[in-house]
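Quick notes on the structure that follows.
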Amino acid sequence: MVQAYILIQTEVGKASAVAEVIAQIPGVLQAEDVTGPYDVIVRAQADTVDELGRMVVAKVQQVEGITRTLTCPVVHL
């Protein structure tokens, strides 16, 4: 199982709506609107890195109101 944090920038005033939509995507564990340089932070999981990438590109990035994403895979050192 691969987990990642997805840091999301949105259009002004869209963070809450974006977080609500993303929270419904299969594989998303948590989606929260936050303050700071990013507007929404998501914790997601998938069986493989490839599946995680497909989820981000095909589902998360397609949500209306998103301007940029940064995916940070969780590592256990």
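Per this note's numbering, the very first residue in the sequence shown carries number 1; after that it's consecutive.
A virtual CB, placed ideally from N, CA and C, is assigned to each residue, including glycine.
Which of helix, strand or coil DSSP assigns to residue i
| i | result |
| --- | --- |
| Gln-61 | helix |
| Glu-32 | strand |
| Ile-25 | coil |
| Val-40 | strand |
Residue i versus residue j: straight-line alpha-carbon distance, rounded
| i | j | result |
| --- | --- | --- |
| Gln-30 | Val-18 | 12 Å |
| Val-57 | Ala-4 | 14 Å |
| Cys-72 | Glu-11 | 21 Å |
| Gly-13 | Leu-77 | 37 Å |
Under 9 Å between C-beta atoms of residue i and residue j
| i | j | result |
| --- | --- | --- |
| Val-28 | Ala-15 | no |
| Thr-69 | Gln-9 | yes |
| Val-49 | Leu-7 | no |
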